[in-house]
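The working numbering numbers the first residue of the sequence shown as 54 and each following residue consecutively.
Every residue, glycine too, gets a C-beta built ideally from N, C-alpha and C.
Treat the numbers as computed from the prediction; the structure is a model and nothing was measured.
Each remark here refers to the structure printed beneath this line.
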Amino acid sequence: MAQEQPSQDPVAPGAGAEEQQQLSSIEVRQVRLQQPLPASIISPEKLEYAQGVISKDKAIKPFWVNKYKNEAAKNWDRFYKRNETRFYKDRHWIEREFSIFGEKATADGDNERTINCLEIGCGVGNFIFPVLDLNKRLFMYACDFAPHAIELVKQHEDYPQGRCSAFVCDLTKDPLTDTIPAGSLDIVSSIFVLSAIPAEKLEAAVRNIKEVMKPGGMICFRDYAVYDAAQVKFSSNPGHMLDTNLYVRQDGTMSHFFSVEQMTELFEKEGFRVEECGYVHRETINRAMDLSLDRRFLQAKFVKL
54 MAQEQPSQDP VAPGAGAEEQ QQLSSIEVRQ VRLQQPLPAS IISPEKLEYA
104 QGVISKDKAI KPFWVNKYKN EAAKNWDRFY KRNETRFYKD RHWIEREFSI
154 FGEKATADGD NERTINCLEI GCGVGNFIFP VLDLNKRLFM YACDFAPHAI
204 ELVKQHEDYP QGRCSAFVCD LTKDPLTDTI PAGSLDIVSS IFVLSAIPAE
254 KLEAAVRNIK EVMKPGGMIC FRDYAVYDAA QVKFSSNPGH MLDTNLYVRQ
304 DGTMSHFFSV EQMTELFEKE GFRVEECGYV HRETINRAMD LSLDRRFLQA
354 KFVKL
């Protein structure tokens with residue numbers, strides 16, 4: 054937990070060889086932050102400011118980095134035990150951004166078939182149940198590595214209808230094929246999920262998802278993007294950086310900020326075609342505090358080859 058962080062000073066020049074090596078690798082990857090976003094996404098002035106703040110930040114000690122990474126599931130479970138269903142709002146914007154969830158798949162003439170879907174990192178079901186209500190032809194698998202979140206999904210009043218199967222799963226190590234037939238899914242939603250996974254485990258997670266998808270199946274992706282206001286805020290308060298673009302929140306949960314290049318490279322390497330991948334800019338205004346925040350997200354569609 055973050056209250057333990059006073060001992061998490063940035064790695065000092067006199068640190069041990071192992072710590073110095075890890076810090077050096079982080080600093081090398083930091084160069085990627087210098088790739089500018091399109092002017093339409095961020096002004097040159099704001100880009101320069103964000104780069105300046107983020108590039109000066111330093112990773113906390115490797116011991117704490119490993120601790121947070123190893124305890125990711127535990128910290129998210131604590132999050133859901135503390136917040137229950139109160140933290141996130143239902144995501145009714147999904148149909149607007151990913152119209153595929155509202156489409157009715159057909160096969161064998163006029164006979165409609167079920168569209169098999171999976172939501173990874175389902176949380177307490179803020180995405181699942183609005184989408185199931187939107188399209189009666191959908192069947193949703195739903196997984197999360199926080200057991201308490203899955204308990205809350207199963208307690209939802211609509212869960213007993215038999216159109217959803219929720220289960221605990223760590224995407225980085227638990228085979229999805231233990232629960233879902235291989236090659237059976239039409240759509241996978243990844244909404245603010247992969248950002249909770251360290252970079253070195255992303256390939257395993259994507260490979261795991263690929264195993265349960267049909268050829269031509271689509272991943273609908275939305276997550277945090279580099280230079281988001283939250284990333285600048287993290288770097289403005291040293292002691293949160295675990296790795297390049299990876300930070301730890303006050304409650305011990307992690308947040309990764311992605312670039313188009315990183316996600317394109319990752320999914321193409323794992324056998325996907327990039328149908329679209331770009332930045333989404335939203336200005337959030339807090340009138341009470343007279344603040345304007347530049348929120349940046351990465352939105353994409355990846356199709357299994």
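Check: When Leu229, Lys134 and Glu253 are compared against Arg304, the one with the closest alpha-carbon; Outcome: It is Asp, not Arg, that sits at residue 304 in the sequence shown. Taking only the C-alpha atoms, the option nearest Asp304 is Lys134.
Check: At least 3 beta-carbon pairs within less than 8 Å: the segment 237-251 vs the segment 163-183; Outcome: yes
Check: Residue range of the alpha helix (DSSP H) that includes Gly105; Outcome: Pro97 to Ser108
Check: Rounded distance between the beta-carbons of Leu295 and Ala112, thought under 8 Å; Outcome: 6 Å
Check: Among Phe182, Leu191, Val285 and Glu204, the one whose alpha carbon lies nearest that of Leu100; Outcome: Val285
Check: Collapsed DSSP secondary structure at Val285 in the structure displayed; Outcome: helix
Check: Spatial distance of Leu346 from Asp231 (CA atoms); Outcome: 42 Å
Check: Cβ neighbour criterion (16 or more within 10 Å) applied to Phe320; Outcome: buried
Check: Proximity below 9 Å, CB of Ala257 to CB of Lys226; Outcome: yes
Check: Whole-angstrom distance between Val106 and Gln208, CA atom to CA atom; Outcome: 44 Å
Check: Close Cβ partners of Lys122 (< 6 Å) along its chain, the five nearest in sequence each way excluded; Outcome: Pro251
Check: Residue range of the alpha helix (DSSP H) that includes Leu191; Outcome: Segment Leu191 to Asp197 is the beta strand (DSSP E) holding Leu191; no alpha helix (DSSP H) there.
Check: Separation of Arg216 from Arg190, as counted between CA atoms; Outcome: 9 Å
Check: Residue from Val206, Pro268, Val333 and Lys114 whose Cα sits closest to the Cα of Phe274; Outcome: Val333
Check: Terminal residues of the alpha helix (DSSP H) in which Glu256 lies; Outcome: Leu255 to Glu264
Check: 6 Å CB neighbourhood of Glu264 in its chain, flanking five on each side removed; Outcome: Thr230 and Ala235
Check: DSSP three-state assignment for Phe350, whether helix, strand or coil; Outcome: strand
Check: Lys354 versus Phe310: straight-line alpha-carbon distance, rounded; Outcome: 17 Å
Check: Bridge partner(s) assigned by DSSP for Lys357; Outcome: Phe325
Check: Three-state class that DSSP yields for His209 in the structure shown; Outcome: coil
Check: Cα-Cα separation between Lys109 and Phe245, rounded to whole angstroms; Outcome: 26 Å
Check: Rounded straight-line distance, which links the Cα of Thr297 to that of Glu283; Outcome: What sits at residue 283 in the sequence shown is Ala, not Glu. Cα to Cα, Ala283 sits roughly 14 Å from Thr297.
Check: Phe220, enclosing beta strand (DSSP E) - first and last residue; Outcome: Cys217 to Val221
Check: Counted within 10 angstroms of its Cβ, other Cβ atoms place Lys357 as buried (16 or more) or exposed; Outcome: buried
Check: Residue from Lys120, Trp129 and Met193 whose Cα sits closest to the Cα of Ser248; Outcome: Trp129
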